[in-house]
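Remarks on the structure that follows.
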Amino acid sequence: MSDTILELDHIEKSFGGTSVLHGVSLSVQHGEFVTLLGPSGCGKTTTLRIIAGLETPDAGRVLLRGTDMTAAPPEKRDVNTVFQNYALFPHMTVAANIGYSLKLKKMPRTEIAAQVQQALELVQLDGFGTRMPAELSGGQRQRVAIARALVNRPSVLLLDEPLGALDLQLRRQMQLELKRLQKQLGLTFIYITHDQEEALNMSDRIAVMHEGRFEQVGTPAEVYDRPRTSFVARFVGTANIVKGQVLQNEEGILTVHTAGGQVPALCCNCGKGAGDGVTLAVRSEHVEFCTEGGIPATVKEKTFAGGMLRISLALENGDELVASRHGIDIALSAGEGVRVTWSAQNAVPVDTHTEAQV
Ligand code: ATP
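My numbering numbers the first residue of the sequence shown as 1 and each following residue consecutively.
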């Protein structure tokens with residue numbers, strides 16, 4: 001049985017004549033962690049606001065548990081939003097902030113106190129109820145904002161870059177905590193970020209967004225290992241993009257001519273045959289050095305960053321290729337001639353139709 005909790009059905013939205021969402025569709029299952037990932041201005045927040053009822057779409061429908069809620073006001077929707085700026089009431093204690101919406105619902109005071117206590121424990125802030133927001137760290141404030149959303153027991157929690165204001169270490173810690181809470185409570189999360197690592201770490205599925213469209217919706221592994229477009233390949237994990245011509249397609253393994261050599265690629269029903277042009281996405285960690293075959297290249301430079309050694313290579317056709325290795329130095333120096341290749345399963349054909357917009 002389908003357990004779809006949220007459905008976006010061909011949502012369109014314009015602001016002042018400029019179209020920002022072009023028929024966005026998405027189906028989210030109960031208990032799923034779905035991330036909208038994309039660069040600034042691609043339409044993530046607008047999509048979230050439409051789900052929350054804070055914006056009305058020009059066309060399309062928002063369904064919650066199969067019921068059309070497109071015209072319903074925010075308070076009638078079983079969703080809550082956590083914003084990046086926390087939006088806590090500065091003059092209220094932590095407990096009052098968390099219990100505010102329950103008070104509006106006229107819940108009895110003892111019941112509110114019990115629910116607030118439970119929410120404080122969930123976000124590991126037991127004992128912080130009497131503090132004022134100004135007396136908390138950024139991470140603690142964000143946890144109060146999450147607790148405040150959780151007391152409403154929403155079917156769907158919308159989180160708009162909730163960790164954006166935190167430093168890297170706290171961010172990593174909060175990522176784990178959020179994921180734990182989501183699993184523990186069986187909540188459905190729609191999470192916005194432009195940090196691809198965060199999306200890959202936390203999500204059950206990622207919707208990669210570009211210029212008001214979902215370019216690919218899939219598991220982190222699908223999006224990372226099998227990017228469908230060159231935009232997705234570049235945005236998630238910064239892949240090399242290599243253009244060439246198919247020499248043969250033998251049972252799904254392509255031989256591709258490019259940059260003065262031949263390399264293999266995997267064609268899962270890609271429909272490519274001899275003579276067709278093809279664009280491949282290859283992750284830098286999958287670029288291998290070989291003694292014969294492959295394609296000739298010249299080492300441009302080696303840099304070390306974030307525990308990875310990056311080797312920039314110039315191909316004969318002028319394109320640049322990046323190879324990366326974990327923390328180990330390899331005996332290559334700038335100006336040296338090498339040959340590079342990869343295994344077929346690590347090179348996938350990608351669609352370049354959106355490339356002009358990158
Ligand atoms: P960011 O990561 O920077 O928050 P985003 O992907 O969330 O970006 P949106 O906030 O959804 O992007 O904005 C999408 C586009 O719509 C942008 O070009 C933005 O300028 C425009 N836009 C958003 N809200 C409005 C508004 N109320 N009026 C006019 N234009 C808007």
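Note that beta-carbon positions come from the ideal geometry of N, C-alpha and C, so glycine has one too.
**OP:** May I have the straight-line CA-CA distance separating Glu301 from Asn317, to the nearest angstrom?
**Re:** As a first step, residue 301 must be located in the sequence shown, where it is residue number 301. As a first step, residue 317 must be located in the sequence shown, where it is residue number 317. Glu301 and Asn317 have their C-alpha atoms some 18 Å from each other.
Original post:
Do you know whose CA, among Lys243, Glu215, Ala297 and Leu313, lies nearest Gly38's CA?
Top reply: Locating residue 38 in the sequence shown gives position 38, counting from the first residue. The option with the nearest alpha carbon to Gly38 is Glu215.
**OP:** Could you tell me the distance, in whole angstroms, from the CA atom of Glu177 to the CA atom of Gln124?
**Re:** On the sequence shown, position 177 is the one that residue 177 refers to. On the sequence shown, position 124 is the one that residue 124 refers to. If you take the alpha carbons of Glu177 and Gln124, they lie about 9 Å apart.
Original post:
Taking the C-alpha atoms as reference points, what is the distance between Ser25 and Asp204?
Top reply: Position 25 of the sequence shown holds residue 25. Position 204 of the sequence shown holds residue 204. For Ser25 and Asp204, the distance between alpha carbons rounds to 17 Å.
**OP:** Out of Ile295, Thr47, Ala344 and Pro162, state which residue places its alpha-carbon closest to the alpha-carbon of Leu254.
**Re:** Residue 254 sits at position 254 when you count from the first residue of the sequence shown. The residue with the shortest Cα to Cα distance from Leu254 is Ala344.
Original post:
What is the DSSP secondary structure of Thr255, reduced to helix, strand or coil?
Top reply: Here residue 255 is taken as the residue at index 255 of the sequence shown, counted from 1. In the three-state reduction of the DSSP assignment, Thr255 falls in the strand class, which pools E and B.
Original post:
Going by DSSP, which residues form a beta bridge with Tyr224?
Top reply: The sequence position of residue 224 within the sequence shown is 224, counting from 1. Among the bridge pairs identified by DSSP, Tyr224 is matched with none.
Subject >> Per DSSP, the bridge partner or partners of Phe214 >> reply: Residue mapping note: residue 214 aligns to position 214 of the sequence shown, counting from 1. According to DSSP, Phe214 bridges with Met209.
**OP:** Mind checking who Asp126 pairs with in its DSSP beta bridge?
**Re:** As a working note, residue 126 is residue 126 in the sequence shown. Partner(s): none; Asp126 has no beta bridge.
Original post:
Rounded to whole angstroms, how far is the Cβ of Leu321 from the Cβ of Val287, which I believe are closer than 8 Å?
Top reply: Mapped onto the sequence shown, residue 321 falls at position 321. Mapped onto the sequence shown, residue 287 falls at position 287. Between Leu321 and Val287 a beta carbon distance of about 6 Å is seen, short of the 8 Å cut, so the two are scored as contacting.
Original post:
What residue range is occupied by the uninterrupted beta strand (DSSP E) comprising Glu75?
Top reply: Within the sequence shown, the letter at position 75 stands for residue 75. That residue, Glu75, is in no beta strand (DSSP E); it is neither H nor E in DSSP.
Original post:
By how many angstroms is the C-alpha of Thr229 removed from the C-alpha of Ala356?
Top reply: As a working note, residue 356 is residue 356 in the sequence shown. As a working note, residue 229 is residue 229 in the sequence shown. Confidence is the limiting factor: at Ala356 the pLDDT is only 49, short of 50, which leaves the residue's position unreliable, though a coordinate-based value still follows. Going by C-alpha positions, Ala356 is about 12 Å away from Thr229.
Original post:
Do the stretch 133-152 and the stretch 89-104 meet, that is, are 3 or more Cβ pairs less than 8 Å apart?
Top reply: The stretch 133-152 vs the stretch 89-104: in contact.
Original post:
Closest by CA to Ser155, which one among Val116, Leu187, Ala165 and Gln142?
Top reply: As a working note, residue 155 is residue 155 in the sequence shown. Nearest C-alpha to Ser155: Leu187.
**OP:** Output the distance between the C-alpha atoms of Ile206 and Thr291, rounded to the nearest integer angstrom.
**Re:** Looking up residue 206 in the sequence shown gives position 206. Looking up residue 291 in the sequence shown gives position 291. Using only the alpha carbons, I get a separation of about 38 Å.
Subject >> Neighbourhood of Pro227 by C-beta distance below 8 Å, restricted to the same chain and skipping five residues each side >> reply: For the purposes of this step, residue 227 is taken as residue 227 along the sequence shown, with counting starting at 1. Hits under 8 Å: Gln216, Ala233, Val236, Ala239, Ala281, Val348 and Val350.
Subject >> For Gly138, the three-state DSSP class (helix, strand or coil) >> reply: Here residue 138 refers to the residue found at position 138 of the sequence shown. Three-state result, Gly138: helix.
Original post:
Whose C-beta lies closer than 7 Å to the C-beta of Lys44 among residues of the same chain, with five residues either side of it excluded?
Top reply: Translated into positions along the sequence shown, residue 44 becomes position 44. Contacts found: Leu36, Gly38, Ile192 and Met209.
Subject >> Contact the stretch 10-29 vs the stretch 43-57: 3+ CB pairs below 8 Å >> reply: Yes, the stretch 10-29 touches the stretch 43-57.
Subject >> Candidates Glu198, His91 and Lys272: closest to Lys179 by CA position >> reply: Your numbering for residue 179 matches position 179 in the sequence shown. Ranking Glu198, His91 and Lys272 by Cα distance to Lys179 puts Glu198 first.
**OP:** Return yes when at least one heavy atom of ligand 1 lies under 6 Å from the C-beta of Phe15, else no.
**Re:** As a first step, residue 15 is located in the sequence shown; it is residue number 15 there, counting from the start. The closest heavy atom of ligand 1 lies less than 6 Å from the beta carbon of Phe15.
Subject >> Distance between beta carbons of Met174 and Leu163, contact taken as under 8 Å >> reply: By one-based count along the sequence shown, residue 163 stands at place 163. By one-based count along the sequence shown, residue 174 stands at place 174. Rounded, the Cβ-Cβ distance is 5 Å, consistent with contact.
Original post:
Roughly how many whole angstroms lie between the Cα atoms of Arg131 and Asn97?
Top reply: Position 131 of the sequence shown, counted from the start, is the residue given in the question as residue 131. Position 97 of the sequence shown, counted from the start, is the residue given in the question as residue 97. CA-to-CA, the gap between Arg131 and Asn97 works out to about 10 Å.
Original post:
Pairing CB atoms from the stretch 305-313 with CB atoms from the stretch 247-265, are three or more of them under 8 Å?
Top reply: Because the criterion of three Cβ pairs below 8 Å is not met, the stretch 305-313 and the stretch 247-265 do not touch.
**OP:** Indicate, with yes or no, if ligand 1 has a heavy atom lying under 6 Å from the CB of Pro81.
**Re:** Mapped onto the sequence shown, residue 81 falls at position 81. Sequence check: residue 81 is Thr here, not Pro. No, the Cβ of Thr81 stays beyond 6 Å of every heavy atom of ligand 1.
Subject >> Proximity of Val144 and Val94 at Cβ, strictly below 7 Å >> reply: Numbered from its first residue, the sequence shown carries residue 144 at position 144. Numbered from its first residue, the sequence shown carries residue 94 at position 94. Yes; because the gap between Cβ atoms is below 7 Å, this pair is in contact.
**OP:** Select from Lys272, Ala147, Phe83 and Asn201 the residue whose C-alpha is nearest the C-alpha of Arg172.
**Re:** Position 172 of the sequence shown holds residue 172. Among Lys272, Ala147, Phe83 and Asn201, the Cα nearest to that of Arg172 belongs to Asn201.
**OP:** Assign Val358 to one of two classes, buried (16 or more other C-beta atoms within 10 Å of its C-beta) or exposed (fewer than that).
**Re:** Residue 358 sits at position 358 when you count from the first residue of the sequence shown. Its pLDDT being 40, under 50, Val358 is placed unreliably in this model, and the value from its coordinates should be taken loosely. If you draw a 10 Å sphere on the C-beta of Val358, you find fewer than 16 other C-beta atoms in it, and that means exposed.
Subject >> Range covered by the alpha helix (DSSP H) that runs through Ala199 >> reply: On the sequence shown, residue 199 is found 199 positions in, with the first residue counted as 1. That run of the alpha helix (DSSP H) goes Gln196 to Met202.
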